[in-house]
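I have placed the structure first, in the form of structure tokens, so that the comments after it can refer back to it.
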Amino acid sequence: MKFPEVVSVEQADQYEQVIDVRSPAEFALDHYPGAINCPVLDNEERIVVGTLYKQVSVFEAKKVGAALVARNIAKHLDEQFSKNPKEWTPLIYCWRGGNRSGAMTHILRQVGWRASQLDGGYKAFRRQVINELEILPGRFQWRVLSGETGSAKSRVLEGLAAAGAQVLDLEALACHKGSVLGILPDQPQPAQKMFETRIWDVLRKLDPARPVFVEAESKKVGQLRVPEHLFEQMTQHSTVFRIQASVAARVDFLIEDYHYFLADTDTLKQQLRHLVTLHGHEVIHHWCQQVDAAQWPELVGDLLVRHYDPAYLKSSNNLFTGFATAHPLPADKLDGPGIARLVDQLLNLQG
1 MKFPEVVSVE QADQYEQVID VRSPAEFALD HYPGAINCPV LDNEERIVVG TLYKQVSVFE
61 AKKVGAALVA RNIAKHLDEQ FSKNPKEWTP LIYCWRGGNR SGAMTHILRQ VGWRASQLDG
121 GYKAFRRQVI NELEILPGRF QWRVLSGETG SAKSRVLEGL AAAGAQVLDL EALACHKGSV
181 LGILPDQPQP AQKMFETRIW DVLRKLDPAR PVFVEAESKK VGQLRVPEHL FEQMTQHSTV
241 FRIQASVAAR VDFLIEDYHY FLADTDTLKQ QLRHLVTLHG HEVIHHWCQQ VDAAQWPELV
301 GDLLVRHYDP AYLKSSNNLF TGFATAHPLP ADKLDGPGIA RLVDQLLNLQ G
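Each residue of the sequence shown is one higher than the last, beginning at 1 in UniProt numbering.
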């Protein structure tokens with residue numbers, strides 16, 4: 001295989017390693033899946049060079065920038081790349097495929113590695129993600145897993161994936177459980193662009209000849225929007241399955257699944273107060289009292305009956321065309337064996 005100096009986004013997967021030379025702040029917002037960050041200008045240095053470019057001159061900016069870039073590339077050569085064999089094939093990109101990635105690509109090729117620069121840089125990659133998210137969702141047969149809050153839908157998806165089924169787990173990709181209490185401890189949600197990149201990366205690897213299981217979601221998972229065309233396919237062009245579990249079974253599951261809230265009652269009460277416009281101060285005060293008294297079964301059951309179940313049924317009926325005729329999946333318990341039985345039901349229904 002030839003490794004030209006400049007290649008397109010479509011050729012990126014042919015490389016052993018993808019290197020993002022943008023600043024750490026740029027990298028954190030979004031990057032090519034699996035890329036490592038080896039900035040040729042860090043956050044502060046990028047600001048300095050940009051300020052010189054705008055306020056002094058292009059020449060002064062390039063003079064200062066070249067020295068910084070050279071020092072940073074030398075550091076990466078010593079600390080990151082020195083043990084790589086001659087056969088190493090890195091793909092380098094920056095924002096537009098310009099000076100930053102060009103400088104590193106040139107030096108790595110001079111060493112003797114088969115390095116290439118991504119034509120158009122991150123911007124070209126981002127355009128591809130946007131374009132393909134308009135196309136890819138329409139290629140699949142969607143199997144939507146619905147069920148009231150606490151029906152263990154995410155656990156069932158995990159079981160399906162472990163059994164070899166194709167799964168798109170939006171909540172895992174969004175680092176959120178999809179409700180007002182869905183925030184995860186010490187796991188902030190990614191940026192919107194990163195969420196879309198993660199979805200794209202899953203979809204492009206799936207087989208269109210096999211169905212894809214996904215959880216019934218609203219238009220947003222936490223603060224992140226589900227891509228429009230994907231949401232349309234999920235809600236309008238899918239087969240819907242509905243887990244049917246009792247309130248008691250769902251209460252037991254939720255107490256176990258949200259165990260971290262039991263140790264952080266201040267955060268739990270803060271999240272509950274977001275519901276005051278829907279339920280009033282008296283109800284919220286009562287729920288906070290239940291938190292203080294550690295009355296978990298009573299609190300969770302009340303939340304399900306008063307808030308989550310009515311909201312879920314209304315939203316699902318409005319959004320999913322197949323919800324009213326969803327295939328029922330009865331579940332007596334939502335423990336390990338119960339979830340395994342739901343997975344087996346779904347796999348058997350898919351042949």
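C-beta atoms are modelled at their ideal positions from N, C-alpha and C, and glycine is treated no differently.
Contact between Glu215 and Lys153 holds: their C-beta atoms lie close to 5 Å from each other, under 8 Å. Under the three-pair Cβ rule at 8 Å, the stretch 103-118 does not count as touching the stretch 198-213. In the displayed model, Glu256 falls within a helix according to three-state DSSP. For Val305 and Asp257, the gap between their C-alpha atoms comes out near 18 Å. In this structure, DSSP gives Tyr15 a state outside helix and strand, which the three-state scheme calls coil. With contacts defined by Cβ atoms closer than 8 Å, His279 and His307 form a contacting pair.
Cβ-Cβ separation between Gly178 and Val247: approximately 19 Å, too far for a contact (criterion under 8 Å).
Under a 10 Å Cβ-count criterion, Ala249 is classified as buried, with 16 or more other Cβ atoms of the shown protein chains found around its own Cβ.
Judged by their CB atoms, Ile243 and Ser316 are not nearer to each other than the 8 Å cut-off. Residue state for Ile284 is assigned as helix, using DSSP reduced to three classes.
Of the candidates Asp266, Val251, Leu349, Val251 places its Cα closest to the Cα of Asp332. Sequence-distant Cβ neighbours of Asp309 in its own chain, meaning closer than 6 Å and more than five residues away, are Glu148. The distance from the Cβ of Leu329 to that of Phe241 is about 6 Å, consistent with a contact at the 8 Å cut-off. When DSSP states are grouped into helix, strand and coil, Glu45 belongs to the helix group.
A direct Cα-to-Cα measurement between Trp88 and Cys94 gives close to 20 Å. Using a Cβ distance threshold of 8 Å, Val9 and Ala124 count as a contacting pair.
Shown here, Trp200 sits in a helix according to DSSP, grouped into three states. Going by C-alpha positions, Gln270 is about 30 Å away from Glu158. With respect to the 8 Å criterion, Leu118 and Val7 are classified as neighbours on the basis of their beta carbons.
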